[in-house]
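What follows is a set of notes on a single structure, which appears directly below.
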Amino acid sequence: MRPEDIVREVEALEPGMQKAYMDAVRATVDSVTLAQVERLLEQDDEDGLVDLLTLGAMAVLVEAVRSAYLAGGRKELLVIVIPARERAELGRVEFDVTKPQATAWVDQQVQTIRSSAAAGVRDAIREVMSSRRVIGGLAPAGSAASSSQAVPAPRTIRQAAQDLLGQRDPQTGQRTGGLLGLPGNMVTYIRNARAQLESGDPAELKKYLKRIKRDRRYDRMVEKAITDGKPLTQAQIAKATNRYANRLLNHHATTLAEMLAHEAYSAGRERAWEQMVEQGLDRDRVEKEWRTRRDEKVRESHVVMNGQRVKLGGAFSGGGSLLRFPGDTSLGAGYDMVAGCRCICIYHLLPKPRS
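Its first residue numbered 866, the sequence shown is counted upward by one per residue in the working numbering.
Encoded structure:
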């Protein structure tokens, strides 16, 4: 398969996955009321909030991942060139997603997707519950705010509930800008951004203006506060942080979709070759090669991997990580090795040794 074809196939899968994740978040927000969240916050019931605000089965996203895996495997089998004299030995070549190895991979991905989402929900809830315990300008030891120069004011029950679910958009009637759906690190970004905006300190306000995902439409408002030496109103702060949270959620959903599509499609391709081996192809004849896009966007750890070749079943090595193919997380590769990765794997079938 040509590199550009692989890239095009993967990119075509991403919008559907991004939408599926956003829809799961939206469905959760729409299914609960502010009063329900306020009641559980009043009771300090973390587990109750987790049960109420779970993102659920995320069935559409899960099915999209399964479909990407199937698409990668089927496409790879279509383009593998097997000498005619060997085809009879291998038998019918058809990608089988019901084989135990294939179902095991998909099941593991489903578990990872759901557990990661659940962890994000709990992080958001803990952050909001912690925001109500800020006393006398000091955050609880070990909390996200305790390590920030600017410390946010304590949040009321209503504010905390709105932090989780978002503010109601007067035009659409939907809540946007909540913390649900965000990973823990981005939840912390929002809390620290609010602290900077509430501080009234020009130095802290300038730090806010360096946040990449902020909504720049509010920059003049912040700059005016710096110039005039007057604090921002709570309404102004709410608007800025709401938009910042919304942009972070869109960014997270997009990045997640890119990672899931890349890994699932690539895993399907790898599985296609493994299936060929199970049908009789000599494993020692199959090699795979890491290919980067060879441009300025390629991270240094991947630049050094370009052209690296290993046997089928082996792992590429780079940046202190092992990956069976670009985007692979099964061997422990972290976010820094897979997020935004545009590398691909090229498989080579070596000539059959002469007897």
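The C-beta atom is built at its ideal place from N, Cα and C for all residues, glycine as well.
Treat the numbers as computed from the prediction; the structure is a model and nothing was measured.
Cα-Cα separation between residue i and residue j, rounded to whole angstroms
i	j	result
A1129	R1174	21 Å
R867	I945	11 Å
R1159	E869	13 Å
G956	Q1144	7 Å
T1092	M1124	42 Å
D912	K1089	42 Å
I1000	D888	At I1000, the pLDDT of 39 sits below 50, so the modelled position is not reliable and the matter cannot be decided from this model.
W1251	S1186	Limits of the chain in this structure are 866 at one end and 1220 at the other, which puts residue 1251 out of reach.
A969	R1023	44 Å
T1194	F1181	12 Å
G1179	T919	37 Å
L1177	T1157	19 Å
V971	R931	6 Å
E874	G938	12 Å
V958	G1172	29 Å
V872	G985	29 Å
A1004	T1021	Per-residue confidence for A1004 stands at a pLDDT of 44, beneath the threshold of 50, marking its modelled position as unreliable; no derived number is given.
S1131	G1183	18 Å
P948	E1161	39 Å
F1190	G1133	11 Å
D1034	R1040	6 Å
M994	T898	17 Å
Residue environment, residue i, which counts as buried when at least 16 other CB atoms sit within 10 Å
i	result
K1075	exposed
Q966	exposed
N1050	exposed
E951	exposed
A929	buried
K1095	exposed
S1012	In this prediction, S1012 scores a pLDDT of 45, lower than 50, which makes its location untrustworthy; no coordinate-derived value is stated.
K1217	exposed
R1148	exposed
Q883	buried
Q1036	exposed
L943	exposed
Q1032	buried
Cβ-based neighbour list, residue i, same chain, cut-off 7 Å, excluding 5 preceding and 5 following
i	result
K1078	Y1109, R1112, L1113, H1116
V927	V975, I978
Residue i (DSSP reduced to helix, strand or coil)
i	result
L1003	Low confidence applies here, because L1003 scores a pLDDT of 38, under 50, leaving its location unreliable and the question unanswered by this model.
T1041	strand
Q901	helix
V875	helix
V1175	strand
V1142	helix
I1209	strand
E1154	strand
G1133	helix
R1033	strand
L1047	coil
G937	helix
S1166	helix
G1241	Any property of residue 1241 remains undetermined from this structure, which presents the chain solely from 866 to 1220.
L1070	helix
L1215	coil
L1196	coil
L1188	strand
G956	coil
K1075	coil
Q908	coil
R1112	helix
I945	coil
Beta-carbon proximity list for residue i, same chain, < 8 Å, skipping 5 on both sides
i	result
I1102	R1059, L1062, E1063
E954	G1145
T1106	G1042, I1055, A1058, R1059, L1062
V1087	L1062, L1070, Y1073, L1074, L1097, A1105
G1007	Because the pLDDT at G1007 is just 45, under 50, the model does not fix this residue reliably, and the point stays unresolved.
Residues near residue i by beta carbon distance below 6 Å, same chain, minus five either side
i	result
V890	L1045, G1046
A885	V925, L926, A929
A1198	S1186, L1188
P1067	I1091
A1118	Q883, Y886, M887
K964	none
Among the options, the one whose alpha carbon lies nearest that of residue i
i	options	result
V1168	Q1036, Y1054, C1208, G1043	C1208
G1192	Q883, D910, Q974	Q974
V1163	L1196, R1150, V1203	V1203
D909	R1148, E992, G985	E992
K940	V1142, E1135, C1206	E1135
P880	H1127, Q1140, L1177, Q1032	H1127
S896	L1030, P1218, L906	L1030
A1026	P1035, D1034, A989	A989
S981	P1035, M923, A933	M923
L1215	K964, E907, K1153, Y934	K1153
G1205	L1121, W1155, F1190, R1219	L1121
S1166	Y1200, R1150, D1034, V1151	Y1200
G921	L906, V902, Q901, V894	V894
CB contact check: residue i to chain B, cutoff 8 Å
i	result
G956	The chain labelled as chain B is not found in the depicted structure, where only one protein chain is given.
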